[in-house]
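Inspection log for the structure reproduced underneath, given as structure tokens.
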Amino acid sequence: MIKCIATDMDGTLLNSIQQVSKENKDAIVKAQAQGIEVVVATGRSYQEATYALAGAGLKCPVIGVNGAEVRTKEGDVISAISIDKQMARNAAKKLLEEEVYFEVYTNDGAYTIDGDKAVSIIVDIIVSANPDVNVEAAATAAEKRVHEGRIHIIDNYDILFDDENYQIYKFLAFSFDSERLDAASKALSDFTDLNITASGHENLEITHKNAQKGIALEAFVKAKGIDLSETMAIGDNFNDVSMFERVGRAVAMGNAGFTIKSLCDVVTDTNDESGVAKAILEVL
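Numbering-wise, the sequence shown is residues 2 to 285 according to our numbering.
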């Protein structure tokens with residue numbers, strides 16, 4: 002019997018216009034009413050994740066920033082795994098040397114030093130998760146996310162590295178030049194305390210090695226007295242693999258790539274067909 006359901010957001014819970022469908026919302030509410038724990042596991046910051054959930058009238062615990070932070074549905078921090086500040090400086094230096102744009106995710110949300118490139122990286126994530134989406138529509142949605150302040154624009158990342166109040170959770174690196182991105186990934190491979198994955202065609206997601214969705218989910222369910230064999234995870238990309246490897250029921254979205262589908266027990270419908278709802282209703 003499934004007692005916990007973990008769902009990714011982009012390309013999974015969210016459709017191509019970045020919304021939670023009525024079908025997905027209704028299925029989550031039904032699961033919650035039956036006492037099943039539904040947790041969102043996303044590469045987004047808590048601030049961005051809850052913005053999308055609030056738009057659908059949902060409240061869920063959030064495993065955010067690929068597992069770097071876990072919060073209750075009320076927003077209280079349960080756990081946080083940050084990157085050491087000196088290591089963060091060194092990683093940032095490597096990315097700059099490879100001329101790769103990056104954003105910094107913190108306990109206070111995401112930050113960029115270039116608003117235009119921030120739009121580009123969001124478009125990449127949207128299009129990677131939704132290959133059939135209109136690129137202009139994706140750009141409009143991305144501009145809205147930046148201009149509404151859900152991604153903060155600052156002059157220099159040293160502000161974050163120097164201030165003790167900021168915890169560094171993740172670097173989201175981006176480049177249309179695959180060779181440059183590969184070089185950046187290789188340069189960072191010497192940092193044994195970092196984990197590198199991806200959520201789009203042209204990006205790298207860099208967190209502490211213990212900040213992974215699967216590790217965070219394992220701790221979350223254990224604290225709830227739930228076994229991983231009683232847990233289902235739904236996702237569409239490589240930053241979901243650490244969950245798939247641990248849970249009793251791994252579900253790939255219909256819009257996921259072949260490799261992701263091959264790692265899962267079940268393939269559901271696409272995110273534009275409310276595949277999350279179908280996956281949930283099948284186990285209720």
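All residues carry an ideal CB built from backbone N, CA and C; glycine is no exception.
Please read these numbers as outputs of a predicted model, since none were measured by experiment.
- In this model, N204 and I37 are separated by some 34 Å (Cα to Cα).
- A contact between stretches requires three or more CB pairs, one per stretch, nearer than 8 Å, and the region 65-81 meets this requirement with the region 33-49.
- Residue pairing from DSSP places I207 in a beta bridge opposite F172, I197.
- Here K279 is near D270, since their CB atoms are less than 9 Å apart.
- Only exposed fits G76, as fewer than 16 other CB atoms lie within 10 angstroms of its CB.
- Contact between the region 179-192 and the region 155-163 is absent: fewer than 3 CB-CB pairs across the two stretches fall below 8 Å.
- In this structure, the alpha-carbon of S186 lies about 29 Å from that of F221.
- Residue range 5-8 is occupied by the beta strand (DSSP E) that includes T8, with no alpha helix (DSSP H) assigned at that position.
- The three-state secondary structure of R247, taken from DSSP, is coil.
- M233 is bridged by DSSP to I6, R250.
- Contact check for V124 and A111: beta-carbon distance about 15 Å, past the 8 Å limit, so the pair fails to qualify.
- For G68, DSSP assigns no beta-bridge partner whatsoever.
- With the rule of 3 Cβ pairs closer than 8 Å, the region 252-267 counts as touching the region 234-242.
- With contacts defined by Cβ atoms closer than 9 Å, K4 and D266 do not form a contacting pair.
- Judged by pairs of C-beta atoms under 8 Å, the region 85-99 does not touch the region 48-62, as fewer than three such pairs exist.
- Proximity to E100 across F239, K223, A174 peaks at A174, based on C-alpha coordinates.
- With a cutoff of 9 Å on beta-carbon distance, V39 and T8 are scored as near each other.
- F221 sits in a helix when the DSSP states are folded into three classes.
- For the 9 Å CB-CB criterion, V277 and T43 do not form a contact.
- In the DSSP assignment, H153 is bridged to Y112.
- Check the Cα spacing between I114 and each of L264, S121, N108, E104: the tightest is with E104.
- A130 sits close to N256, with the two beta carbons spaced by under 9 Å.
- By alpha-carbon distance to I160, the top candidate from E180, D109, S121 is D109.
- As the crow flies, the alpha-carbon of D11 is around 10 Å from that of A53.
- Our two residues, D133 and L15, have alpha carbons roughly 14 Å apart in a direct line.
- Between Y102 and S176 the beta-carbon gap is near 7 Å, inside 8 Å, which marks them as a contact.
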